[in-house]
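All remarks here apply to the structure that follows.
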Amino acid sequence: CAPRELATAEALLAHARHEAREFHGKDVDEEFQTAERAADDLLAKTKACWEAKQKAMAKPAPPPDSDGDGVPDYKDRCAGTLKNVPVDAVGCPIDTDGDGVADHEDKCPGTPMGAPVDRAGCLKDSDGDGLTDWDETQKYGTNPNDPDSDDDGLADGKEVLQYGTDPKNPDTDGDGLTDGDEVAKHGTNPKDPDTDKGSVPDGLEVKVAGTNPLDPADDVKELKCVELQIQFDFDSDVVKQADYAELERVAQYLKENPELKVIIQGHTDNVGTPQYNLDLSLRRAKAVIKLLNEKYGIDKARMKAEGYGASQPIASNDTEEGRAKNRRIYAILKCE
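FYI, the numbering for the sequence shown is 63 to 398, going by our numbering.
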């Protein structure tokens with residue numbers, strides 16, 4: 063398969079043919095023809111070998127790559143990627159943080175694995191409360207689809223980011239006012255039960271005494287709140303006989319202080335609908351008033367029943383122990 067030798071042989075054979083035409087002898091012609099056929103056969107074989115070798119050495123054409131991403135079509139699982147977009151081994155745009163949004167479109171790279179993101183690759187805030195869904199579920203335990211998880215009138219994001227209150231507790235400081243009312247209505251501190259430091263909790267000033275929770279000078283010193291250790295059975299408004307001693311204690315105090323009026327506040331856990339719990343808490347408060355009146359002789363005119371449902375928990379409603387604590391009765395005493 064030597065190319066130079068092949069070319070030389072072809073040239074010599076051509077020359078020999080030319081010279082042979084100058085002679086017209088029969089014997090010479092026959093011998094030359096025999097030699098010519100042998101030479102032609104040898105040249106043909108040599109040429110065929112050379113062409114086969116050249117063909118074997120030729121570089122094969124690359125497989126088609128329609129989108130030009132460097133991955134041939136037969137391997138490309140994401141055909142039609144944009145020009146200059148980095149792709150992986152199977153031709154798909156690279157998504158480093160695995161959020162489903164390719165790096166070239168990701169406005170928020172590095173989001174946590176598994177976190178819900180929007181089309182731009184940024185953490186979702188489905189309810190628009192200022193907290194991402196990821197933070198609501200992973201950090202705060204709030205509902206990512208409810209902007210106000212504890213229904214206190216203050217968005218979860220404001221509670222966490224602006225006021226530092228508990229987005230799962232409608233009354234963070236336990237003063238009887240919801241966080242939303244403290245901020246929007248009364249201007250009190252939702253993290254301080256006695257904003258004006260006048261000795262009376264904000265809730266008692268607003269709801270019972272009618273005084274200004276921002277002015278310590280008008281606080282009523284005689285105002286006090288007594289928690290009655292009365293436990294109700296689940297979904298019941300019947301005061302158990304074992305709790306009569308608690309009622310007797312309050313009744314005796316009221317008899318000794320005839321100038322006092324009392325507000326009986328009922329509270330529930332969060333089992334059931336909000337409206338049902340409001341009704342149940344009011345029925346419980348009225349049951350206490352009925353016993354104080356009928357059994358211990360306290361004038362009904364001195365007593366008022368209020369029901370707050372599950373709106374003011376003092377413990378977590380995630381456990382039976384916490385729910386039991388939230389099913390409670392308060393007696394709020396006020397001088398006339």
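Ideal placement from N, C-alpha and C gives every residue a C-beta, glycine not left out.
Nearest-angstrom Cα separation, counted from residue j out to residue i
{"i": "A217", "j": "V179", "result": "21 Å"}
{"i": "D159", "j": "W196", "result": "15 Å"}
{"i": "D135", "j": "V149", "result": "13 Å"}
{"i": "K366", "j": "K201", "result": "41 Å"}
{"i": "K317", "j": "G192", "result": "52 Å"}
{"i": "P209", "j": "G130", "result": "47 Å"}
{"i": "D213", "j": "D243", "result": "11 Å"}
{"i": "D264", "j": "D295", "result": "31 Å"}
{"i": "G190", "j": "G172", "result": "22 Å"}
{"i": "T250", "j": "E321", "result": "29 Å"}
{"i": "E398", "j": "K323", "result": "Legend: pLDDT at E398 = 49, less than 50; position of this residue unreliable, value from coordinates given subsequently. Cα-Cα distance, rounded: 7 Å."}
{"i": "P275", "j": "K348", "result": "28 Å"}
{"i": "D380", "j": "E198", "result": "17 Å"}
{"i": "R181", "j": "P206", "result": "18 Å"}
{"i": "V194", "j": "Q224", "result": "For clarity, residue 194 is Thr in the given sequence; the question names Val instead. Cα-Cα distance, rounded: 15 Å."}
{"i": "D299", "j": "S378", "result": "22 Å"}
{"i": "D256", "j": "L239", "result": "11 Å"}
{"i": "S128", "j": "K220", "result": "52 Å"}
{"i": "A363", "j": "N355", "result": "10 Å"}
{"i": "V301", "j": "N319", "result": "24 Å"}
{"i": "L309", "j": "G215", "result": "34 Å"}
{"i": "S261", "j": "V245", "result": "20 Å"}
{"i": "E382", "j": "Q314", "result": "33 Å"}
Nearest-angstrom beta carbon gap, residue j and residue i [assumed within contact, 8 Å]
{"i": "E267", "j": "D254", "result": "That pair is no contact at about 13 Å."}
{"i": "P155", "j": "C140", "result": "7 Å"}
{"i": "P229", "j": "V222", "result": "6 Å"}
{"i": "K259", "j": "P278", "result": "6 Å"}
{"i": "A304", "j": "N339", "result": "Going by Cβ atoms, the distance from A304 to N339 rounds to 24 Å, so no, they are not a contact pair."}
Under 8 Å between C-beta atoms of residue i and residue j
{"i": "T330", "j": "R389", "result": "yes"}
{"i": "I292", "j": "I376", "result": "no"}
{"i": "D341", "j": "G384", "result": "no"}
{"i": "T227", "j": "D241", "result": "yes"}
{"i": "V312", "j": "L290", "result": "yes"}
{"i": "E167", "j": "G183", "result": "yes"}
{"i": "I394", "j": "I351", "result": "no"}
{"i": "T273", "j": "P252", "result": "no"}
Three-state secondary structure assigned by DSSP to residue i
{"i": "E398", "result": "Because E398 sits at a pLDDT of 49, beneath the cut-off of 50, its placement in the model cannot be relied upon, and the following sentence gives the value as read from the coordinates. DSSP places E398 in coil when its eight states are reduced to three."}
{"i": "R385", "result": "helix"}
{"i": "N379", "result": "coil"}
{"i": "K115", "result": "helix"}
{"i": "Y306", "result": "helix"}
Per DSSP, cross-strand counterpart(s) of residue i
{"i": "M365", "result": "V324"}
{"i": "I391", "result": "L290, G328"}
{"i": "P429", "result": "Absent from the model: residue 429. The displayed extent of the chain is 63 to 398, so no value can be given."}
{"i": "L185", "result": "V179"}
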